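Below is one structure, written out as structure tokens; comments come after it.
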Amino acid sequence: MRIPYNKQYIFGDTFKIISQSLKSDLITTGKYVKKFEQKIANFNKVKYALVTSSGTSALHLAFESINIKKGDNVIIPAINFIASYSMLKKMNANIFLADVDNDGHLSPITLVNCIKHNNLKKIKAVINMHMSGHIKYTDDLLKLKKKFNFFLINDSCHSFGSKYIYKKQVFNSGNCSHFDIATYSFHPVKSITTGEGGAITTNNKKIYKNIIAKRSHGIIRDKKRYWNYKINELGYNYRLSDLNCALGISQLNNLKKIMAKRKKIAKYYFKKLEKFSEFIDLPDKNLINFSSWHLFVIKFKSNLIKDKYFKDKVFNIFIANKIFPQYHYIPIYNFKAFAGTKKKLRGTENFYKSALSIPIYYAMKYKDCDKVIKCIKLVIKKFK
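Start counting the sequence shown at -2; every next residue gets the next number (this note's numbering).
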């Protein structure tokens, strides 16, 4: 049986709630959408939550809601999924790629270095991605937000269910007490899934109203005369159906189970892999109780990476054993579609060369973990 790096788990109550949603008068823009949004808002203790058709559409609406326009300066980490860059490029923003730390995160140091290197006087927004489900540098990023007066958007596609500490208080990743907007993806490999789908959270009423209008063609309906509406600006069809939201409600109802299982697997990996510290680096163990563990990323040390095709050969070893790890991520500047500088960033390159996302998901068994660990041992034996 194949072992993917991640996959969804559908709980028994899911079929009942989706069946109920199909019997509703509305199977889009109906009560299950509102219920799911309210559950997301309650979970994150945030004022506003809106569901969208994907994580990418959530990012796009977030960018539109703060009026990013042609020529605006926006900073994103170079290790990231291409979605942020794609949307910003289509909006004709000036995109600057910041380097990352040893764990693939935008850090205060790499952010400041990006600002200084590009001599940026005005910054419209900084997009911070919670790599692997870990949340880092909240205090320092908040200080830089105040200093440079930019919007701080958390691309929280990996971190639904994650927590962070600020001034000795614990907050959920989408709380928005210390940043402007959080966006989520509910793709099947994420903490919870709606099949395809995403969400946005914010405490800013103006941002919320902007997103509400743009999410559904820019239509603002007359509350008294439902057949009458106005369109003040153009929008998109970025809605999520009630069927998807019914699945999301089931997933959110079972989130505690999902988080507990992912944490158990992470702990098992730590226990079994710590003895190989001469050859691999593991994630920060201090995050064990705070991360969603969307990914478990190991990094091979330089004493193993001597072959130009090291990563390809590593993948071949895993795939031969029916295990399918993943890259997270190929640096954005490596793609032909990237129109900016081709200058390589040191931290980004180091992370790209060494990092591997190994399997972690709800239905995974310890015997599956042992197969993954066996492959890691094979890699060490082959390349040491």
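Even for Gly, the Cβ is constructed at its ideal location relative to N, Cα and C. Treat the numbers as computed from the prediction; the structure is a model and nothing was measured.
Spatial neighbours of residue i in its chain, beta-carbon cut-off 6 Å, leaving aside the 5 residues before and after
i           : result
residue 186 : 3
residue 53  : 80
residue 151 : 125, 176, 179
residue 36  : 249
residue 193 : 51
residue 102 : 128, 133
residue 89  : 67
residue 167 : 160
residue 145 : 120
residue 5   : 185, 190
residue 342 : 75, 96
residue 380 : 301
residue 111 : 72, 93, 95
Whole-angstrom C-beta distance between residue j and residue i, which should lie under 8 Å
i           : j           : result
residue 231 : residue 215 : 5 Å
residue 105 : residue 141 : 6 Å
residue 281 : residue 100 : 7 Å
residue 195 : residue 181 : 5 Å
residue 242 : residue 191 : 7 Å
residue 76  : residue 326 : 5 Å
residue 301 : residue 377 : 7 Å
residue 209 : residue 157 : Contact doesn't hold; Cβ gap of about 21 Å is too wide.
residue 309 : residue 295 : The Cβ separation is near 17 Å, so there is no contact.
residue 169 : residue 42  : 7 Å
residue 233 : residue 211 : 6 Å
residue 314 : residue 372 : 6 Å
residue 137 : residue 344 : 16 Å between Cβ atoms; not a contact.
residue 62  : residue 207 : 4 Å
Identified DSSP bridge partners for residue i
i           : result
residue 196 : 48, 181
residue 353 : 295
residue 1   : 321
Sequence-distant residues of the same chain with beta carbon closer than 7 Å to residue i, five excluded per side
i           : result
residue 57  : 84
residue 26  : 236
residue 30  : 48, 237, 239, 242
residue 147 : 120, 121, 122, 123
residue 60  : 84, 85, 88
residue 339 : 330
residue 265 : 363, 366
residue 8   : 247, 251
residue 219 : 225, 226
residue 23  : 239
residue 135 : 161, 163, 175
residue 173 : 43, 179, 198, 199, 200
Proximal residues to residue i (C-beta, below 8 Å), its chain only, five neighbours per side dropped
i           : result
residue 346 : 328
residue 228 : 214, 215, 216, 217
residue 28  : 21, 239
residue 275 : 298, 300
residue 246 : 14, 29, 32, 33, 36
residue 0   : 319, 320, 321, 356, 361, 365, 368, 369
residue 332 : 79
residue 46  : 34, 35, 37, 38, 171, 196, 197, 198
residue 109 : 141
residue 336 : 86
residue 65  : 71, 85, 88, 90, 121, 122
Contact test: residue i Cβ vs the ligand ADP heavy atom, cutoff 8 Å
i           : result
residue 225 : With respect to the ligand ADP, the structure shown offers nothing to examine, as it has no ligands at all.
Item to check | Secondary structure, beta strand (DSSP E): runs of 3+ residues fully inside the region 217 to 295 | outcome: 226 to 228
Item to check | Any beta strand (DSSP E) of 3 or more consecutive residues that is wholly inside the region 16 to 104 | outcome: 45 to 49, 70 to 74, 91 to 95
Checklist entry - Residue ranges of each beta strand (DSSP E) run of no fewer than 3 residues wholly in the region 118 to 195, ordered along the chain? => result For secondary structure counted as the beta strand (DSSP E) over 3 or more consecutive residues, the region 118 to 195 holds these complete runs in sequence order: 122 to 126, 148 to 152, 160 to 163, 166 to 169, 178 to 182.
Checklist entry - Counting Cβ pairs closer than 8 Å, one from the region 345 to 356 and one from the region 240 to 260, do we hit at least three? => result no
Item to check | Segment contact flag, the region 296 to 308 with the region 357 to 372, C-beta cutoff 8 Å, min 3 pairs | outcome: no
Checklist entry - Quick one: any contact between the region 290 to 300 and the region 129 to 140, if contact means 3 or more CB pairs under 8 Å? => result yes
Checklist entry - Quick one: any contact between the region 109 to 120 and the region 84 to 99, if contact means 3 or more CB pairs under 8 Å? => result yes
Checklist entry - Quick one: any contact between the region 310 to 327 and the region 361 to 371, if contact means 3 or more CB pairs under 8 Å? => result yes
Checklist entry - Which residue spans inside the region 354 to 381 form an unbroken alpha helix (DSSP H) run of at least 4? => result Here the runs fully enclosed are 363 to 380.
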